[in-house]
Amino acid sequence: MIEFNDVTYSYRTGNHNALDHISLNFRQGEWTSVIGHNGSGKSTLVKILMGVLEGYEGEIKVDGEVMTEENLPDIRKRFAIVFQNPDNQFVGATVEDDVAFGLENNGVGRDEMVNRVEEALRSVNMLEYRTHEPSRLSGGQKQRVAIAGALAMQPDLLILDEATSMLDPQGRREVLEILREIHREKLTTLIYITHDLAEIGVSDHAVVMKDGRVINEGTVEEIYQDTDALVSSRLVLPFTISLADRLLDGCYMSYDELVERL
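Numbering follows full-length UniProt numbering, in which position 71 of the sequence shown is assigned residue number 71; successive positions increment by one, without gaps.
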């Protein structure tokens, strides 16, 4: 679906490349996690894809079409993004008003808008909160509403940029479970940006970035097995991976797998 071909980008204030000759494929219908420490380039990757940053070298293709200044507005309509702080995205007085905001801006008819808002809120288990004020929700609930607002746009690609990093463990689990259900039922293409290796277990594909470069990519199991690359990227290994790396051969991504092997 999306191809980065030898993409390089530098911020004006920096003396190094924020992205350094990146070549990646994000395939239709897959959940791809992009993992990296702060400054690895993962958020810069998303900003370029969304058209927030200009002046990059290289080429980006969407469904075989090279992304240009002329076609960027149409391409962006096919993408939706959820950021780490949902409070920065809320604009409506109620939950349903907020989810409907993007649809109103796009001129969606009222009947279709009502149906889309209801479907999106139901998909994130927030329909009963439709008349609540967003400010009165918990962190996990707020992020679910932000995801509903993105889903209501019916995007071809859903991007989540550190979408759980400000949540407590319970809120993080809730959001990840919702995303897992959405991906399974709708086959939505996801790009999931994170610094937390424990969150990538449900991914179809994963990419590890360091200093603006891709240093590893593959299945989640392949990523977890290369612990040297993860440690060199200053990423914290999940407990099961760290223990298995010290005691056993192979990769054990869950506590149940590890206990059974031990």
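Ideal placement from N, C-alpha and C gives every residue a C-beta, glycine not left out.
Please read all numbers here as calculations on a predicted model, not as lab measurements.
Nearest-angstrom beta carbon gap, residue j and residue i [assumed within contact, 8 Å]
i	j	result
N38	G212	In fact, because the Cβ distance is near 12 Å, the residues do not count as touching under 8 Å.
V214	L24	6 Å
V82	A163	5 Å
As assigned by DSSP and simplified to three states, the class of residue i
i	result
T227	helix
L176	helix
Y255	Reliability of the predicted coordinates at Y255 is poor, the pLDDT of 45 falling under 50, and the value obtained from them is presented with this limitation in mind. Helix at Y255.
N115	helix
Y129	helix
E57	strand
I48	helix
V202	coil
F83	coil
D63	coil
D20	strand
Residue i - partner residues in DSSP beta bridges
i	result
I193	V34 and D161
R213	K210
N25	E3
G109	None; G109 has no bridge partner.
Selected residue, minimal CA-CA separation from residue i, among the options
i	options	result
G55	E118, S10 and W31	S10
V220	P238, S232, R234 and K210	P238
L157	A93, F26 and T13	F26
M50	F4, L167 and V108	F4
I182	A100, S165 and V202	V202
E30	R184, I22 and Q84	R184
Segment contact, 8 Å Cβ cut-off, at least three pairs: the region 189-197 with the region 29-49: yes
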